[in-house]
Amino acid sequence: MAKAFHEENIVFSINIIMLAGHSDGEVEAKYVLPYQKFVGEDLRELHATYCLLDEAWQAYAAEVCALYAGTRPDKLFIDDDFRSLNHGVQYGCFCPIHVSRTAERCGIALTAETLMHAVSGASTEHMAIKQAWMQINFEGQLEAANRIRLAVERVSPATRLGLMNSGEPAHSFQGRDMDVLLREFSGSRRPLSRPAGCSYSDSIHGELFEIHQVTALSKSVVGEDVQIVSEVENYPHTRFSKSIRITRLQLELHALAGAEDFTLNLYDYLGTPYEQEPDFLHLLIDERERLEMIQAARKGKKLVGFGHPWKKDTALKQLSRRGWLDDIMPNRDPDNYLPQFGIPVQFQLGKANLIFGDAVQCYDDDEVIELLSRGILLDGLAFTNLYNRGFGRYLGCEPAGSGVVDGFTVEQFGFNPFTGPFAGNLQTTNWAESKKQGKLPLQLRIDPGAEAISMLLDDDRNELSPGVVLFENELGGRVAVFTVPISSFQFLHRCRAYMVAKVAQWLMREPLPVWIEDCPNIGPIYYEGANGEGLLGIISGNLDVMEVKLHTDLQLFDLFTGEEIQELRMDPLSVRFFRTQKEVGRAER
18 MAKAFHEENI
28 VFSINIIMLA
38 GHSDGEVEAK
48 YVLPYQKFVG
58 EDLRELHATY
68 CLLDEAWQAY
78 AAEVCALYAG
88 TRPDKLFIDD
98 DFRSLNHGVQ
108 YGCFCPIHVS
118 RTAERCGIAL
128 TAETLMHAVS
138 GASTEHMAIK
148 QAWMQINFEG
158 QLEAANRIRL
168 AVERVSPATR
178 LGLMNSGEPA
188 HSFQGRDMDV
198 LLREFSGSRR
208 PLSRPAGCSY
218 SDSIHGELFE
228 IHQVTALSKS
238 VVGEDVQIVS
248 EVENYPHTRF
258 SKSIRITRLQ
268 LELHALAGAE
278 DFTLNLYDYL
288 GTPYEQEPDF
298 LHLLIDERER
308 LEMIQAARKG
318 KKLVGFGHPW
328 KKDTALKQLS
338 RRGWLDDIMP
348 NRDPDNYLPQ
358 FGIPVQFQLG
368 KANLIFGDAV
378 QCYDDDEVIE
388 LLSRGILLDG
398 LAFTNLYNRG
408 FGRYLGCEPA
418 GSGVVDGFTV
428 EQFGFNPFTG
438 PFAGNLQTTN
448 WAESKKQGKL
458 PLQLRIDPGA
468 EAISMLLDDD
478 RNELSPGVVL
488 FENELGGRVA
498 VFTVPISSFQ
508 FLHRCRAYMV
518 AKVAQWLMRE
528 PLPVWIEDCP
538 NIGPIYYEGA
548 NGEGLLGIIS
558 GNLDVMEVKL
568 HTDLQLFDLF
578 TGEEIQELRM
588 DPLSVRFFRT
598 QKEVGRAER
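Quick note, in the numbering used here, the sequence shown goes up one by one and the last residue is 606.
Structure follows, in structure tokens:
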């Protein structure tokens with residue numbers, strides 16, 4: 018095939034779909050390779066999936082990549098089974114190589130079981146073991162990447178080597194620094210990344226926002242010189258699971274996130290004739306001009322909105338209060354929640370920032386003071402972490418009673434500017450399910466200068482504790498504390514969307530650049546350049562046609578027609594793009 022391509026001057030690239038194994042299969046013994054098997058949290062060796070730290074496996078992987086490189090492809094992609102988790106079991110690896118190297122690094126005796134318990138433990142010793150385990154894991158991945166790259170360079174120096182990769186929480190769990198890893202694969206050439214693209218079947222609601230957010234977050238942690246190639250995966254290649262409409266939206270949202278190029282799985286691996294599914298091919302022909310226009314408008318711009326910053330060591334700092342590995346995986350649900358509320362977000366520090374849970378422990382004391390001198394939105398666990406670190410004077414409240422509210426509760430919205438038309442609403446706290454997860458609402462006592470804009474009530478409507486507390490501290494910063502454990506069940510409601518938007522603007526001390534009011538699952542992604550010109554994408558994950566109430570001081574022009582937009586309507590499961598310019602005075606559309 019390669020010979021024929023070269024003869025016809027056709028440039029081609031290769032994706033090696035499997036080196037270590039995506040998920041385990043009971044293949045025949047003749048297909049099982051003689052390398053260290055992956056060991057997940059069930060502490061059993063997998064059948065035919067391998068640990069990346071095994072030097073013999075690394076030599077094998079380098080040989081395989083060299084064979085493909087011998088065809089002189091333009092690019093050679095390693096697929097995302099180059100990882101140490103999600104190989105049929107969720108977390109790992111706890112194989113003898115990981116155990117022995119971690120034990121040696123820490124100077125203690127370990128077994129697979131004690132290593133796993135340490136990774137999910139909360140003591141100082143456990144945290145040190147967990148850190149060593151993550152470091153060793155990443156060092157092994159770098160060694161494997163180096164051996165693969167050198168093997169490819171010897172055979173085809175012009176071939177660029179890139180990596181298909183997972184989302185940032187998964188990278189954090191593995192101890193990965195993606196910018197460093199991509200550069201180890203690329204050597205002296207331009208780094209090449211194919212981030213997770215999401216939407217492996219038709220998507221609605223927050224899943225549509227996730228398509229952009231996951232790719233955009235991955236782009237935000239690597240250098241500007243890294244080439245982002247999007248992943249649009251339609252396996253098993255049937256419109257029973259994924260439509261042309263969602264495939265189109267995925268391509269466009271990846272262009273908005275900054276993808277320079279696209280990889281799209283059009284047809285299956287079993288030789289199904291192209292003419293049986295021609296619509297995917299027609300899609301590419303029809304979409305090309307639109308994608309190029311989105312890419313041109315996106316170039317040189319950065320996300321602007323309410324801050325939801327990311328730190329790559331989040332998984333290291335995250336503790337499990339239950340001793341469960343699940344609890345170590347960082348949670349980025351607010352990346353989707355805020356746009357679903359009509360609030361744009363950015364992944365760098367902003368004038369105000371949302372930092373939940375143990376993620377706040379990624380910031381040293383000086384960084385915390387900087388955060389508290391801006392605006393910060395905290396959940397109960399983040400509040401507790403900061404209070405225990407001695408920052409209570411800046412938070413506007415302190416623990417009271419037992420510190421938690423254990424029992425039936427609802428949250429009642431107060432009568433104030435932050436609740437507007439939803440004043441008096443009762444909101445579920447989802448207390449029973451939260452308790453099963455080891456989480457309960459906080460019981461707080463507020464300072465004289467603080468304000469509670471909602472209250473927790475018992476089943477007789479007696480007040481138990483503040484629900485949301487606002488405070489302006491002596492640093493000149495503003496703090497909002499949400500005491501109820503946050504989940505989609507109790508968070509994704511119209512009244513909460515209104516409250517969060519108003520709190521966000523109070524924390525920022527200025528209006529959001531764009532705010533879409535009271536349109537469930539319709540929200541903005543806003544990029545802005547140094548000259549003030551912007552690109553606004555509005556996503557609808559809603560199944561209803563919606564008239565959009567847009568608050569902004571931006572002038573909006575349809576990206577494709579140039580028409581100025583005064584009124585805005587969104588069709589179900591759609592995305593629209595607008596070139597923006599700043600204007601004096603705010604407008605509502």
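Note that the Cβ used here is the ideal one computed from N, Cα and C, for glycine as well. It should be emphasised that the depicted structure is a prediction, and the values quoted were computed from it without experimental measurement.
{"Asked": "Whether I345 touches F506 by CB criterion (9 angstroms)", "Found": "no"}
{"Asked": "Where F425 sits in the DSSP three-state scheme", "Found": "coil"}
{"Asked": "Y291 classed as buried or exposed, judged by whether at least 16 other C-beta atoms fall within 10 angstroms", "Found": "exposed"}
{"Asked": "Delimiting residues of the alpha helix (DSSP H) encompassing H271", "Found": "I261 to A274"}
{"Asked": "Of the residues H254, H229 and K316, the one placed nearest Q293, counting alpha carbons only", "Found": "H254"}
{"Asked": "8 angstroms CB neighbourhood of D476 in its chain, flanking five on each side removed", "Found": "F425"}
{"Asked": "Contact between the stretch 364 to 373 and the stretch 394 to 402 (3+ Cβ pairs under 8 angstroms)", "Found": "yes"}
{"Asked": "Whole-Å CB distance - F323 paired with I360, under 8 angstroms assumed", "Found": "6 angstroms"}
{"Asked": "Identity of the residue in R391, K92, I533 and G57 nearest G105 by Cα", "Found": "G57"}
{"Asked": "Closest by C-alpha distance to R307, when choosing among Q598, E600, M18 and R593", "Found": "R593"}
{"Asked": "L443 Cβ short of 8 angstroms to the ligand ZN heavy atom set", "Found": "No copy of the ligand ZN appears in this structure; indeed no ligand is present at all."}
{"Asked": "Distance CB(L180)-CB(F55) smaller than 9 angstroms", "Found": "no"}
{"Asked": "M516, DSSP secondary structure in three states", "Found": "helix"}
{"Asked": "Rounded separation between Q335 and N447 - CA only", "Found": "23 angstroms"}
{"Asked": "S625 (DSSP reduced to helix, strand or coil)", "Found": "There is simply no residue 625 to check, as the chain begins at 18 and stops at 606 in what is shown."}
{"Asked": "Given 8 angstroms, three or more beta-carbon pairs between the stretch 349 to 365 and the stretch 527 to 536", "Found": "yes"}
{"Asked": "Under 9 angstroms between C-beta atoms of L492 and S557", "Found": "no"}
{"Asked": "Coil, strand or helix - R596 by DSSP", "Found": "strand"}
{"Asked": "For I245, the three-state DSSP class (helix, strand or coil)", "Found": "strand"}
{"Asked": "Straight-line Cα distance separating S183 from A162", "Found": "16 angstroms"}
{"Asked": "Cα-Cα separation between G204 and R338, rounded to whole angstroms", "Found": "41 angstroms"}
{"Asked": "Reduced DSSP category for Q460 - H, G, I as helix; E, B as strand; rest coil", "Found": "strand"}
{"Asked": "Simplified DSSP state of R495, which is helix, strand or coil", "Found": "strand"}
{"Asked": "Distance between beta carbons of V486 and A467, contact taken as under 8 angstroms", "Found": "5 angstroms"}
{"Asked": "Extent of the continuous beta strand (DSSP E) to which N32 belongs", "Found": "I31 to I33"}
{"Asked": "N- and C-terminal bounds of the beta strand (DSSP E) containing D570", "Found": "M563 to D575"}
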